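So the sequences go chain by chain: A and B.
Residue numbers in the first sequence follow the numbering used here, run continuously in steps of one, and reach 447 at the last position.
Residue numbers in the second sequence follow the numbering used here, run continuously in steps of one, and reach 245 at the last position.
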Amino acid sequence: MTDTTRETRRTAIDGAPAARTGQRWRVIPAPTPPPTRTARRLDLRTTVAVDLGRLAATLSRLLGLGSGGMIGGRLALTLQPQALRRLAIGRRVVMVTGTNGKTTTTQMVAEALRSQAPAVSNATGANMLDGHVAALMTQPDAPFAALEVDELHLARVTAEFEPAVILLLNLSRDQLDRVGEIRTVAASLRRALAQAPGAHVIANRDDPNIVFAAADHPSVTWISGGVRWKNDALNCPNCGAFLGDTDDDWRCSCGLARPAADWTVTATGVLAADGTHHQLRLSLPGHVNRVNATFALAAALRLGCGLDPALARIGRIRQTAGRYDTVRLAGRQVRLLLAKNPASWLEMLDLVSGNGRRLVLSVNSREADGYDVSWLWDVDFEVLRDRWVQVAGDRALDLAVRLRYAGVPVEVVSSVEDAVAAAPDGVPDVIANYTAFRDLVTRSRR
Amino acid sequence: MSREQVRIALVLPDLLGTYGDRGNVIVLAQRLAWRGIGSETVTVLSSAEAVPESCDLYVIGGGEDVAQVAAVRFLHRGPGLRRAVERGAPVLGICGGLQVLGISFVTGDGVRHDGLGLVDAVTEPGSGRAIGEVTTRSTVGGVGLLTGFENHLGRTRVGPDSQPLGRVVRGIGNGHDDAEGVVRGHVVCTYLHGPVLARNPKLADLLLEWAIGEPLEPLPDPPELSALRAERTRVHARNRK
Ligand SMILES: [Zn+2]
């Protein structure tokens, strides 16, 4: 298939709207072949840093202190502050960022790239610089890397090196007491892209905050998959004017506008810019994963992968770092779903609202979750009105009060295990936020 | 007003609704519904002409600086909110809502903006963000102990024309004396998220009684709400950063 990319229209973010001469298209030349797997010579300092980092990782693993990757990456970065830059030389790196779907999409990109050549990845959520170094250290000769990056850290990455492809998935409110507000994040992504003019950007045209971040980049492929959570994009991210319903095309008086779609996600697959439709047969559930898969596919094609082999590999992914996985907990099979913020809760509630399974929700408010749980009131739990729901976690009481006000019959339980152990036959669904989910995954592996 | 249908205005949620503030309206409507009283939520977006003056109760949330400045510009456009307040309609302002309802506020860039002056309060940036659980003791309308979560840079001085909503037991609050929030007549402002009315049902009922103009029959707190209040006023010292 043809990979078409819209050339930049110099819009207008920093000045008057440029004259529009209609859409200009160009066909991207055949993607360059992947770099050959010749061992690249690292400088001495980086080699030593990597060797010692690996040693530390191995020791940490042997001592049972965890997977060791983070410690190894951190040590290597301390010994060689330029480790990231050096390890990235000669590789084609795909960076994946956005509020939701980073880990899943990163794994999809890595798998798709492996249809062509080895790819390293940090698809475990270690998404700051030390996690990137740790991932790149694992196979210094792998020609590809798929790395998820924290939204506020992309600018630090592009200050170090220019990735081949950058994926901007979506932006919505998340841990406001920790991460900060959307506008700050969108502005930071915009700066990050300005530092990487040679990268190819794959961005969500249905999210005005992402459009704001990517609009001026010279090389963007726009994905249209729809956005369910709209409450962070009612107003123009550039000038603050009211945008109205962003399901339709919009154009702000400041010049920011919804770009035309290169890829459109459908109910069964994806429609490419050349009009061809491709079925997406995924093991992962829901529309949200068809959107993630489309981002991954666009990245893989950009780097020279074949469509069918890439799709086949994406389709085989059954779980990412425990998400969507059916695991054993308290002697029972349960399905684990992760929801961290209002936008991802909407997606997960949508996934479970139609089925009749027992439903357990678990919410914590530790540092990695954010201490404030006011966001529970941004989630439309009203869709669960016909269900009986059990709640657990550090903030079970906040959740119970929220559900009570939503008219949802609710029971507070001491743990998810207690709830599922007492459940009748069937596979209960458990939706948990970040640390609650992480702890469940750990306990399920015991 | 007619007791048939209480009209609750959610003011500018597109600009000032970052921290679950919509939840305050959910709580108000549901507490009426549990008593068999109907309500209508009037959502006033920044695409509207102005704030209608005919609602029975107004809720304004918080947001970031740019949004807050856009909100105050919008609110200055019409007399709706001021007239409603003169008529005695209750207004709840949260965080940024507190700041825009005051006399003035200074944004992070050092620019001073005129607020609506519905409460006697002046806000300036503090040295760092106040983030964490808060407990205050209020003398207003018998609401007693208030619990919430604060996350704000502004420090607010309450002037002689108004009084604080509560005295800080734990947390930062306004950052001057031990005051938290500001009240004048039926205009109640606070930095407390949570949302504040979800965690503090007495304050919710006080606003509803002001809106309706007569006492409401008491509602027993559901057990998880009593437990939540007990937990939050007990454990927050451990959670504070
Ligand atoms: Zn605009």
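Beta carbons are placed, not taken as given, at the ideal position from N, Cα and C, and that holds for glycine.
In this text the structure is predicted, and so the values were computed from the model without any measurement.
Placement of the Cβ of Ala-204 (chain A) at a distance of 7 Å or more from every heavy atom of ligand 1 is found. For the stretch 151 to 162 of chain B, the set of positions with a beta-carbon nearer than 7 Å to some beta-carbon of chain A reads Phe-153 and Asn-155 in chain order. For Leu-78 (chain A), the CB contacts under 6 Å within the same chain, skipping 5 residues up- and downstream, are Ala-84, Asp-131 and Val-134 in chain order. With a cut-off of 7 Å, the C-beta of Leu-257 (chain A) is classified as near ligand 1, since at least one heavy atom of the ligand falls inside that distance. The DSSP-derived three-state label of Tyr-406 (chain A) is helix. Beta-bridge pairing by DSSP links Met-96 (chain A) to A:Leu-148 and A:Ile-167. Following the DSSP letters along the chain, one finds Gly-170 (chain B) in no alpha helix (DSSP H) but inside the beta strand (DSSP E) bounded by residues 170 to 174.
When CB distances to chain B are screened at a threshold of 8 Å, the residues of the stretch 238 to 254 of chain A falling below it are Gly-241, Phe-243 and Gly-245, in chain order. About 16 Å separates the beta carbons of Asp-209 (chain B) and Leu-196 (chain B), which is beyond the 8 Å limit, so they are not a contact pair. The closest CA to that of Val-186 (chain A), considering only A:Ser-284, A:Leu-170 and A:Val-289, is found on A:Leu-170. Taking a C-beta distance under 8 Å as the contact criterion, Leu-96 (chain B) and Ala-125 (chain B) do not qualify as a contact pair. For a cut-off of 8 Å, the C-beta gap from Glu-112 (chain A) to Ile-318 (chain A) is around 6 Å, short enough to register as a contact. Taking each of B:Glu-57, B:Thr-143, B:Gln-9 and B:Val-15 in turn and checking the Cα distance to Thr-47 (chain B), the smallest one comes out for B:Val-15.
For the options B:Gly-42, B:Glu-57 and B:Thr-237, the alpha carbon positioned closest to that of Leu-212 (chain B) is the one of B:Gly-42. For Asn-356 (chain A), the CB stays at least 7 Å from every heavy atom of ligand 1.
Remark: the shortest separation between the CB of Ala-242 (chain A) and any heavy atom of ligand 1 falls under 7 Å. When distances are taken from the beta-carbon of Asn-239 (chain A) to the heavy atoms of ligand 1, the shortest one is below 7 Å. Short of 7 Å from the beta carbon of Arg-388 (chain A), and not among the five residues preceding or following it, lie these beta carbons of its own chain, in chain order: Leu-360 and Val-409. Among the CB atoms of chain A, one or more fall inside 8 Å of the CB of Arg-26 (chain B).
Cys-253 (chain A) is not bridged by DSSP to any residue.
Taking a beta-carbon distance threshold of 8 Å, Asp-124 (chain B) does not count as an interface residue toward chain A. Trp-376 (chain A) reaches chain B at Gly-24, counting residues in chain order whose Cβ is nearer than 7 Å.
For the stretch 358 to 388 of chain A, the continuous beta strand (DSSP E) assignments of 3+ residues that do not extend past its boundaries occur at 360 to 363, in sequence order. Distances taken from the Cβ of Cys-253 (chain A) to the heavy atoms of ligand 1 include one shorter than 7 Å.
Within the stretch 374 to 402 of chain A, those residues whose Cβ lies closer than 7 Å to any Cβ of chain B are, in chain order, Ser-375, Trp-376, Leu-377, Trp-378, Asp-379, Leu-398, Asp-399, Ala-401 and Val-402.
Nearest in C-alpha terms to Arg-236 (chain B), of all of B:Val-73, B:Leu-149 and B:Gly-24, is B:Leu-149.
A distance below 6 Å between beta-carbons, with the five flanking residues on each side excluded, links Ala-88 (chain B) to the following residues of its chain, in chain order: Glu-57. In summary, Trp-378 (chain A) is buried, with 16 or more beta-carbon neighbours lying within 10 Å of its beta-carbon over all protein chains present. Taking each of B:Gly-21, B:Gly-92, B:Leu-201 and B:Gly-40 in turn and checking the Cα distance to His-190 (chain B), the smallest one comes out for B:Gly-92. Shown here, His-190 (chain B) sits in coil according to DSSP, grouped into three states, outside any helix or strand. No Cβ-Cβ contact shorter than 8 Å links Asp-233 (chain A) with Leu-194 (chain A).
In this structure, Thr-321 (chain A) sits away from Thr-48 (chain A), with a CB-CB distance that is not shorter than 8 Å. Of all residues in the stretch 214 to 238 of chain B, only Pro-226, Glu-228, Leu-229, Ala-231, Leu-232 and Glu-235 place a beta-carbon less than 7 Å from a beta-carbon of chain A. Within the stretch 417 to 445 of chain A, no residue has a Cβ lying closer than 8 Å to any Cβ of chain B. The C-beta of His-278 (chain A) has fewer than 16 other C-beta atoms within 10 Å across all chains shown, which makes the residue exposed. Looking at the DSSP output, Ala-111 (chain A) bridges to nothing.
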